[in-house]
Amino acid sequence: MLVPTVAASLLVIGSWLGVSSSAPCSPDLAAIGACTTVSNSGEQVDIGASITNPAPPVTDQGDHGSPTQPEPQPAPQPITCTRADCGGFLVVTPPDVTAADLASFRPATPSLTGEPTGFGLVGAPTNVVASASEQLMTGTLLGWDVTVRFVPAGFVFDYGDGSTARFTTGGASWASLAQPQFTPTATSHVYRERGTYPVAVTVQYAASVDFGSGTWRPVTGYVTATSAGYDIRVVEARTALVDRTCIENPAGPGC
Numbered sequence: 002m003l004v005p006t007v008a009a010s011l012l013v014i015g016s017w018l019g020v021s022s023s024a025p026c027s028p029d030l031a032a033i034g035a036c037t038t039v040s041n042s043g044e045q046v047d048i049g050a051s052i053t054n055p056a057p058p059v060t061d062q063g064d065h066g067s068p069t070q071p072e073p074q075p076a077p078q079p080i081t082c083t084r085a086d087c088g089g090f091l092v093v094t095p096p097d098v099t100a101a102d103l104a105s106f107r108p109a110t111p112s113l114t115g116e117p118t119g120f121g122l123v124g125a126p127t128n129v130v131a132s133a134s135e136q137l138m139t140g141t142l143l144g145w146d147v148t149v150r151f152v153p154a155g156f157v158f159d160y161g162d163g164s165t166a167r168f169t170t171g172g173a174s175w176a177s178l179a180q181p182q183f184t185p186t187a188t189s190h191v192y193r194e195r196g197t198y199p200v201a202v203t204v205q206y207a208a209s210v211d212f213g214s215g216t217w218r219p220v221t222g223y224v225t226a227t228s229a230g231y232d233i234r235v236v237e238a239r240t241a242l243v244d245r246t247c248i249e250n251p252a253g254p255g256c
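Numbering-wise, the numbering used here comes out as the position in the sequence shown, counting from 1, plus 1.
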């Protein structure tokens, strides 16, 4: 327990009349409360000084007269926030986003072409090439101003004859691959019958969202975009001497 404050004071009573004085007090004495005070009532002069210091704590004596240790103080409890308003700060967590939430953000339609342009040969590889690139879009999502990034992650080709295939690339031309015509590529396809086939490609975009912090949060699922139809006319290869090509005369022999 604590012993009451100990105060020492000096009081000098004089009978001097009409005398007043004041003892100067240094900053060090003022800091510890040890300054003198002088008052003159006209009948007596009171001079006093006091020093106030808290006494050290005294522990209770045990059964054998030895001090007992004070009980340890409990550890402070951690501060937890049960509301969004914590310690004067508004704690806000960006929402989780799925592909369905990005309905208002649509990546551009991919492009699609083939080699030879618009034509193919029965039994020979027809090269089909798609193109898509990374895209950034800004707007409002779930009440937040955001930037959405789309990165091509998959290319699903529909060759128009019931066959589909998925690749991580959109393919490349024979020239860029330094390959001769009618040789296989990663995205080429072999048609077994004559006919006109509507070909399309669907690009699967991996999306991520930046809520303004500079950190990209991945979005669950893919956002897709499908190309416009691209028709490939597949013909049989026959040797014939003609005066015009099939492009110039589609009704010609072998066309």
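Where is the CB? At the ideal position from N, CA and C, for every residue including glycine.
Classify residue i as helix, strand or coil using the three-state DSSP reduction.
i      : result
SER23  : In this predicted model, SER23 has a pLDDT of only 49, less than 50, meaning its place in the structure is not dependable enough to derive any value.
ARG84  : Low confidence applies to ARG84: its pLDDT is 48, below 50, so where it sits in the model is not reliable, and the reading given next is rough at best. It is coil, neither helix nor strand.
LEU103 : helix
ASN41  : Caution applies to ASN41, whose pLDDT of 46 falls short of 50 and renders its modelled position unreliable; the value that the coordinates give is listed next. Three-state result, ASN41: strand.
PRO181 : coil
TRP217 : strand
ASP162 : coil
GLY155 : strand
PHE120 : strand
LEU113 : strand
THR227 : strand
TYR192 : coil
PHE168 : strand
GLY140 : strand
ARG239 : coil
Given residue i, which residues of its chain have a CB within under 8 Å of its CB, disregarding the five upstream and five downstream residues?
i      : result
SER174 : GLU116, ASN128, VAL130
THR110 : ALA226, THR227, SER228, ALA229
Can you tell me the Cβ-Cβ gap for residue i and residue j, rounded? I've got them flagged as a contact below 8 Å.
i      : j      : result
VAL220 : SER209 : 6 Å
ALA226 : PRO126 : That pair is no contact at about 26 Å.
GLN180 : THR186 : 7 Å
TYR231 : LEU113 : 5 Å
VAL200 : ILE233 : 6 Å
Cutting at 7 Å between CB atoms, please list the residues of its own chain near residue i, excluding the five before and the five after it.
i      : result
ARG195 : VAL123, VAL235, VAL236, GLU237
ALA166 : PHE158
THR99  : VAL220, THR221, GLY222
Enumerate in chain order the residues of its own chain whose CB-to-CB distance from residue i is below 6 Å, with the five nearest sequence positions on each side excluded.
i      : result
THR139 : THR148
ASN250 : none
VAL191 : PRO126
ask   = Is the number of C-beta pairs between the stretch 116-126 and the stretch 142-161 that are closer than 8 Å three or more?
value = no
query = Is the stretch 200-214 in contact with the stretch 144-155, if contact means three or more CB pairs nearer than 8 Å?
reply = yes
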